[in-house]
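Chemist: Numbering (my numbering), first residue to last: 151 to 827.
What follows is the structure in structure tokens.
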């Protein structure tokens, strides 16, 4: 059984942007560094004229580092204030200046009247390397009589977290519709436990269902508890059905998205979208709007509903969706200009209206397609804007995590475009802010875009520790209505490609399939629901195999091509190391395949079974591109909470006799965790 202990202390736009690198050398500066001068917050020595240090000793990847140049006394302060040269500094790692967000290398310090010192900000680079960073100061602006400069250092550290269980598989459900409306894999009457049965059928470790949102559809929600929740009793009943099958239950809430008529929206500050060339306030949108990420009340309200669900019997973990600046967050523009170092305001910005400022930040935000273009102002501004919104999102997550405490592990849904940057999310920031499981949504991309998406993530994550769970959706349209490969095949291919290629040498530990309602009643094309679910189960089985966590190990072999009516042989066999106990194997196929058997039992004494099948084209075959399937679902009846194994192979039908080649499900295995592809 998987134990959940994961609370530690707690539009496609261009090609990927690699992490900001380091520039070599800084000419024309004299450096004075006193060894072991990283004593943040302690008084500087009497012989030191100035002390440069950060406001903290350790930072996460969502941090804006505050750099403080503090004079030893009034004489040193006044001497520096009389200087006509700008006070500048930079950050080094291993002796090299670090170029951070927006191609910023040197920072200009400004005098702070309240504190009597000079301050500058330095955003931690996207997914910066963990370790020590040293502070440096240009001495040209300092008084000639300055005796010494004491420079400090700080550390960037990834949050330590309990890893997502190896081979973790999740089935989700979106919306607040009744849990009673679904039927299980074996049909029959709809019932509340059907989702648990589907999870068991595909070998999922957990289900994750939406539990609340703040949409007002017929009335305005209370300001005290602005939530529309699904009833808790059916959730507890579903949890019981899940736990009986060794499946965990999670509940997620819509964090910053609100639906329904604007007049019924709860009292919050709403964000600004950009439509038809102009800013649109959220309450002017007729159907959906986003609560502003600036709203001070919303994080505490999210904690309230998480606490409510945490207390419901059977809930194992909680989750957040739309945890980002919905529809752009353009209302952050003035905060961005004031807080983010190095931002170049356009001429006349200070005289513009709020709407003009938001239009400026909303237009044409694209990441530089090549490294050589990163210094162009529009690309620098894009990089800064994307980082700043992700920084603000992480700040909200930190507030939620702090308020919620260590009650349950926490999941978040993150959009996959540009690692989430286009939508105000970043995986490293989300991890450090306190998210235990980061569900990366792989939807809505064609093949070329998807290949680019894989390169983006691979170039970004490197071998840093991440808590990713990648997910795809039951939807033929979003897989470009492909017939060869079939829609379910393509869903699996893309999901496993992300598992394999999101991080070099470190396969993603888990996947999710979204969502139950789509899988049963969505845009499924010529493929029935059970075919989509078997495909999802085969993906979960493969991820467990990659991580060496498969309880039932079998090989499954069928021919890859067929002609009408010709008998073909297939086999399924126990692999060495499966262990004792009989294994039941159920066979499934598309409606145009005739099988000689529906099920059989494998034992150590009789570890292999053979069967025959015939492809008999029917009226549905042409709509499927004459692509049929055969699948084997294997499990041990003596271990009801043990996960099943699903192996699925597609067979291409031909009207004339082709050269038949055997295809084994083990023919092209994905790399093992210690094998870099």
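Backbone N, C-alpha and C define an ideal beta-carbon position, used for all residues, glycine too.
Only a predicted model underlies this, so the values are computations on that prediction, with no experimental measurement involved.
1. Kindly indicate which residue of 317, 394 and 311 has the alpha-carbon position closest to the one of residue 350.
2. Between residue 738 and residue 783, how many whole angstroms is the CB-CB distance? I'm expecting something under 8 Å.
3. May I have the straight-line CA-CA distance separating residue 801 from residue 417, to the nearest angstrom?
4. Starting from residue 734, trace the beta strand (DSSP E) both ways and give me its first and last residue.
5. How far does the beta strand (DSSP E) with residue 267 in it reach, from first residue to last?
6. Are the CB atoms of residue 227 and residue 236 within a distance shorter than 7 Å?
7. Residue 515: which of 776, 568 and 465 sits nearest, CA to CA?
8. Can at least three beta-carbon pairs, one atom from the segment 672-688 and one from the segment 629-646, be found at a separation below 8 Å?
9. State buried or exposed for residue 534, treating a residue as buried only when at least 16 other CB atoms are found within 10 Å of its CB.
10. Which class does residue 181 belong to by DSSP, given the choice of helix, strand or coil?
11. Per DSSP, which residues does residue 750 bridge with? Please list them.
12. Kindly confirm or deny that the segment 487-507 and the segment 450-463 touch, where touching means at least three C-beta pairs closer than 8 Å.
13. Could you tell me the distance, in whole angstroms, from the CA atom of residue 144 to the CA atom of residue 703?
14. Specify the secondary structure class of residue 446 as computed by DSSP and reduced to three states.
15. As an exercise, report each continuous beta strand (DSSP E) stretch of at least 3 residues that is fully enclosed by the segment 645-684, in chain order.
16. Is residue 290 helix, strand or coil by DSSP?
17. With respect to 6 Å, is the separation between the Cβ of residue 508 and the closest non-hydrogen atom of the ligand MN below this value?
18. Determine the burial state of residue 373: buried for a count of at least 16 other Cβ atoms within 10 Å of its Cβ, exposed for fewer.
19. Does DSSP classify residue 307 as helix, strand or coil?
20. Hey, is the segment 608-617 in contact with the segment 648-661, meaning 3+ C-beta pairs nearer than 8 Å?
21. Along the chain, where does the alpha helix (DSSP H) that runs through residue 600 open and close?
22. From which residue to which residue does the alpha helix (DSSP H) around residue 349 run?
23. Take residue 205 as the anchor and find which of 367, 199, 216 and 211 has the nearest alpha-carbon.
24. Using beta-carbon positions only, say whether residue 282 and residue 305 come within less than 7 Å of one another.
25. Where does the unbroken beta strand (DSSP E) through residue 527 begin, and where does it stop?
26. Could you pull the start and end residues of the beta strand (DSSP E) that residue 761 belongs to?
27. Under 8 Å by Cβ, that's how I've got residue 452 and residue 482 pegged, so tell me the actual separation to the nearest angstrom.
28. Quick check for students: name the residue ranges of the alpha helix (DSSP H) that lie wholly in the segment 436-496, counting only runs of 4 or more.
29. Three-state secondary structure (DSSP) at residue 237?
30. Kindly list the residues whose CB is nearer than 7 Å to the CB of residue 332, restricted to its own chain and excluding five residues on each side of it in sequence; keep chain order.
31. Short of 8 Å in beta carbon distance, which residues of its chain neighbour residue 475, apart from the five on each side in sequence? Order them along the chain.
32. Looking only at its chain, what residues have a beta carbon closer than 6 Å to the beta carbon of residue 214, apart from the 5 residues adjacent to it on each side?
33. With a threshold of 7 Å between beta-carbons, can residue 673 be considered close to chain D, or not?
34. Tell me the residue span of the alpha helix (DSSP H) that contains residue 578.
35. Short of 7 Å in beta carbon distance, which residues of its chain neighbour residue 280, apart from the five on each side in sequence? Order them along the chain.
36. Between the alpha carbons of residue 489 and residue 537, how many angstroms are there, rounded?
Modeler: According to the data block:
1. Indexing the chain shown from 1 puts residue 350 at position 200. The shortest Cα separation from residue 350 among 317, 394 and 311 belongs to 394.
2. Here residue 738 refers to the residue found at position 588 when the chain shown is read from its first residue. Here residue 783 refers to the residue found at position 633 when the chain shown is read from its first residue. Yes, residue 738 and residue 783 are in contact; Cβ-Cβ is about 7 Å, under 8 Å.
3. Within the chain shown, numbered from 1, the residue matching residue 801 stands at position 651. Within the chain shown, numbered from 1, the residue matching residue 417 stands at position 267. Taking the straight line from one Cα to the other gives about 56 Å.
4. Residue numbering aside, residue 734 sits at position 584 when the chain shown is read from its first letter. Note, residue 734: beta strand (DSSP E), 733-739.
5. As a working note, residue 267 is residue 117 in the chain shown. Unbroken beta strand (DSSP E) run through residue 267: 267-273.
6. Locating residue 236 in the chain shown gives position 86, where the first residue counts as 1. Locating residue 227 in the chain shown gives position 77, where the first residue counts as 1. The answer is no: Cβ separation not under 7 Å.
7. Locating residue 515 in the chain shown gives position 365, counting from the first residue. Checking every option, the nearest Cα to that of residue 515 belongs to 568.
8. yes
9. If you number the chain shown from 1, residue 534 lands on position 384. Residue 534 comes out buried.
10. Translated into positions along the chain shown, residue 181 becomes position 31. Interpretation of residue 181 is limited by its pLDDT of 26, a score under 50 that renders its predicted location unreliable; no figure is taken from the coordinates.
11. Residue numbering aside, residue 750 sits at position 600 when the chain shown is read from its first letter. BP columns for residue 750 point to 735.
12. no
13. What the structure shows of the chain is the stretch from 151 to 827, and residue 144 is not part of that stretch, so it cannot be assessed.
14. The residue given as residue 446 occupies position 296 in the chain shown. Three-state DSSP puts residue 446 in coil, outside helix and strand.
15. 660-664
16. Here the question's residue 290 lines up with position 140 in the chain shown. Of the three classes helix, strand and coil, the one that applies to residue 290 here is helix, per DSSP.
17. Among the components of this structure there are no ligands whatsoever, and the ligand MN is therefore not found.
18. Translated into the one-based positions of the chain shown, residue 373 becomes position 223. Per the 10 Å Cβ criterion, exposed.
19. Taking the chain shown and counting its residues from 1, the one referred to as residue 307 is at position 157. Coil.
20. yes
21. As a working mapping, residue 600 is identified with position 450 in the chain shown. Residue 600 -> alpha helix (DSSP H) spans 597-611.
22. By one-based count along the chain shown, residue 349 stands at place 199. Element bounds for residue 349: 344-352.
23. Within the chain shown, the letter at position 55 stands for residue 205. Measuring from the Cα of residue 205, the nearest candidate turns out to be 216.
24. Within the chain shown, the letter at position 132 stands for residue 282. Within the chain shown, the letter at position 155 stands for residue 305. The Cβ atoms of residue 282 and residue 305 sit closer than 7 Å to each other.
25. Counting from 1 along the chain shown, the entry for residue 527 is found at position 377. Here residue 527 belongs to no beta strand (DSSP E); instead the alpha helix (DSSP H) covers 527-554.
26. Position 611 of the chain shown holds residue 761. Unbroken beta strand (DSSP E) run through residue 761: 758-765.
27. Locating residue 452 in the chain shown gives position 302, where the first residue counts as 1. Locating residue 482 in the chain shown gives position 332, where the first residue counts as 1. Their Cβ separation, rounded to whole angstroms, is 19 Å, which puts residue 452 and residue 482 out of contact at 8 Å.
28. 448-460 and 483-489
29. On the chain shown, residue 237 is found 87 positions in, with the first residue counted as 1. Correct three-state label for residue 237: coil.
30. Counting from 1 along the chain shown, the entry for residue 332 is found at position 182. Only 340, 344, 345, 666 and 670 meet the Cβ criterion.
31. As a working note, residue 475 is residue 325 in the chain shown. Cβ neighbours of residue 475 beyond the five flanking positions: 406, 421, 440, 442, 443, 482, 539, 542, 543, 573 and 574.
32. As a first step, residue 214 must be located in the chain shown, where it is residue number 64. So the qualifying residues of the chain are 271 and 273.
33. Absent here is chain D; the protein component of the structure consists of one chain.
34. Within the chain shown, the letter at position 428 stands for residue 578. Looking at the DSSP string, the run of the alpha helix (DSSP H) that includes residue 578 is 577-583.
35. Within the chain shown, numbered from 1, the residue matching residue 280 stands at position 130. The residues are 306, 307 and 308.
36. In the chain shown, counting from the first residue as 1, residue 489 sits at position 339. In the chain shown, counting from the first residue as 1, residue 537 sits at position 387. Near 12 Å, if we compare the C-alpha coordinates of residue 537 and residue 489.
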